[in-house]
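Protein sequence lines correspond, in order, to chains A and B.
Just so we're aligned, residue 153 is where the first sequence starts under my numbering, counting upward by one.
Just so we're aligned, residue 153 is where the second sequence starts under my numbering, counting upward by one.
Virtual Cβ for every residue (Gly too), placed ideally from N, Cα, C.
A short write-up of the structure that comes next.
There are 2 protein chains.
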Amino acid sequence: MTQTKTDPRVIRTRKLIMDSFITLSEGKEFKDITVKDITAEAMINRATFYHHFEDIYDLLEKALSEVLLVNLDSDTYRNDELNEETFVKIFEAVTNFQTSLSNRCHRGYEDTIARIIREQLEVLFHKLLVKQKGIGQEGALKTTAVMLSWGIYGASVEWKRNSQASPEEFIKAAVPYIEHGIHFNK
Amino acid sequence: MTQTKTDPRVIRTRKLIMDSFITLSEGKEFKDITVKDITAEAMINRATFYHHFEDIYDLLEKALSEVLLVNLDSDTYRNDELNEETFVKIFEAVTNFQTSLSNRCHRGYEDTIARIIREQLEVLFHKLLVKQKGIGQEGALKTTAVMLSWGIYGASVEWKRNSQASPEEFIKAAVPYIEHGIHFNK
DNA sequence: GGTGATTTGTCGCTTATGCAACACATTCCG
DNA sequence: CGGAATGTGTTGCATAAGCGACAAATCACC
């Protein structure tokens, strides 16, 4: 690990930008937020924004990823097994995230958000699977991770649309079937 | 006015420091707050702190001044006459400030706080008096400003200790007598 | 009192951020 | 339509902020 420590100014600036973006998101939709707005709110120069992010979509991506990961990290990486409990927690994180963000600010960008969530989930599942099943079957694990990420995301959409059940109950109903297929436990 | 515009980084850094100081003040007393705490909270380097403030007492001074001035500015500078209304508003600003800060965080620093308030008031009164009475009697106006600042501060202490009256009623009772002496209206 | 651990200020050198100006898109409105 | 206004990215040079080390002061605990 050649961990070259990042300059604290970078961390601070990123945080200022992210926070400003989230603040502004509470007031208006994504499409109405300009880079100028963000940099003004964050009290940084516009050029500095572009030093950290490709463009505003890149910011959306990274901001959402971070928000989602904050939910996941603490609960999941602690006990790093992909068992039922972990599975439920991941699902809950996604539904939390969905309900907290999707009703405001991002009309017209559901697809982007969906993609971001799936990508994050895919990475997460892949990590967990590799840790559990070991390496040497990369292709299979990758595919499994992809399927799980799509599955979880789809389930969250379905849950949001129809279900009065708690996320936990909702997803637990499906766990046995999935489990049979992917063999949660070694 | 050779208004050399201040670097936005300076403004931002000052704000970060001030905000952090106020945040920390809500948690512990002034004497327990270190420069390190502040800079950590503000996400800036300790050396940078000293680039903006002499020491932590200097910060206290400037932070309090600012908080007080925020109360005063908007209400007072608009209609820039030193009439009864303005007088009452200033008194209310001071009592608000006193009650919001003095019960927490600053035990043992009442004197410092008192001095800061008086200095701010003195500057304010002096400005208002000069604007109203014109220049050419500097000494007298200066002295008047000093007396008013001490008077208002003393009244706020007295009000805090004894009175159940509103600040407005409390100070209005004294206005006629003061007015007689200093001729509020041209 | 003494000794080790913090905290405080200060320093030269490095680096991220600000500026101002630019060409280019996009939007808005008469 | 046309042009004014606003937003987007990019650039080279100016500057505030970070680093790490330092001596001195202060604090804490025996």
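Check: Do B/Ala194 and B/Asp159 come within 9 angstroms of each other at the CB atom, strictly closer than that value?
Finding: no
Note to self: Counting only Cβ-Cβ distances shorter than 9 angstroms, please list the residues of the region 161-177 of chain A near chain B, keeping chain order.
What the structure shows: Arg161, Ile163, Arg164, Lys167, Leu168
Notebook entry, point to check: Taking the alpha carbon of A/Arg270 as the point to measure from, which residue in A/Ser308, A/Thr238, A/Leu234 has its own alpha carbon closest?
Noted result: A/Ser308
Next item on the list: May I ask whether a heavy atom of the ligand MG can be found less than 8 angstroms away from the beta carbon of A/Gly306?
Entry: Annotation note on the ligand MG: not contained in the displayed structure, which lists no ligands.
Check: I think A/Val187 touches A/Ile208, with their Cβ atoms under 8 angstroms apart; what is that distance to the nearest whole Å?
Finding: 6 angstroms
Next item on the list: Tell me, to the nearest whole angstrom, how far the beta carbon of B/Ser217 is from that of B/Ile268; I am working on the premise that it is less than 8 angstroms.
Entry: 6 angstroms
Item checked: Under 8 angstroms (Cβ pairs) to chain B, residues found in the region 178-199 of chain A -> Met195, Ile196, Asn197
Notebook entry, point to check: Would you call B/Thr247 buried or exposed, if buried means 16 or more other Cβ atoms sit within 10 Å of its Cβ?
Noted result: buried
Check: How long is the line joining the alpha carbons of A/Gly306 and A/Ile169, rounded to whole angstroms?
Finding: 31 angstroms
Item checked: Three-state class that DSSP yields for A/Phe201 in the structure shown -> helix
Checklist line | Pick from A/Thr264, A/Ala266, A/Val298 that is closest to A/Lys279, judged by C-alpha positions | finding: A/Val298
Check: Taking DSSP as the reference, what is the three-state secondary structure of B/Ser308?
Finding: helix
Next item on the list: Would you kindly report the start and end of the unbroken alpha helix (DSSP H) that includes B/Asp159?
Entry: That residue, B/Asp159, is in no alpha helix (DSSP H); it is neither H nor E in DSSP.
Margin query: Please report the straight-line C-alpha distance between A/Ser315 and A/Gln284, rounded to a whole angstrom.
Written below: 32 angstroms
Notebook entry, point to check: How would you write the range of the alpha helix (DSSP H) that A/Phe322 sits in, first residue to last?
Noted result: 319-324
Notebook entry, point to check: Do A/Ile243 and A/Ile323 have their C-beta atoms within less than 9 angstroms of each other?
Noted result: The identity of residue 243 of chain A in the sequence shown is Phe, whereas the question assumes Ile. In contact: A/Phe243 and A/Ile323 (Cβ atoms closer than 9 angstroms).
Next item on the list: Determine the burial state of A/Glu274: buried for a count of at least 16 other Cβ atoms within 10 Å of its Cβ, exposed for fewer.
Entry: buried
Note to self: In the DSSP assignment, the alpha helix (DSSP H) including B/Ile190 goes from what residue to what residue?
What the structure shows: 187-194
Notebook entry, point to check: So what does DSSP say about A/Asn314, is it helix, strand or coil?
Noted result: helix
Notebook entry, point to check: Taking just the CA atoms, how far does B/Ile190 sit from A/Ile304?
Noted result: 43 angstroms
Check: Are B/Thr264 and B/His204 touching if we call contact CB-CB under 9 angstroms?
Finding: no
Check: Of all the options B/Leu220, B/Leu281, B/Tyr202, B/Leu211, which has the alpha carbon lying nearest to the alpha carbon of B/Glu233?
Finding: B/Leu281
Next item on the list: Report the option in A/Ile196, A/Ala192, A/Leu212, A/Arg198 whose CA atom is closest to the CA atom of A/Glu181.
Entry: A/Leu212
Notebook entry, point to check: Shortest alpha-carbon distance to B/Gln272 belongs to which of B/Glu206, B/Ala326, B/Phe201, B/Val219?
Noted result: B/Val219
Item checked: For B/Phe201, the nearest candidate out of B/Arg313, B/Lys183, B/Lys167 (CA to CA) -> B/Lys167
Checklist line | Length of the line joining the Cα atoms of A/Thr238 and A/Arg161 | finding: 35 angstroms
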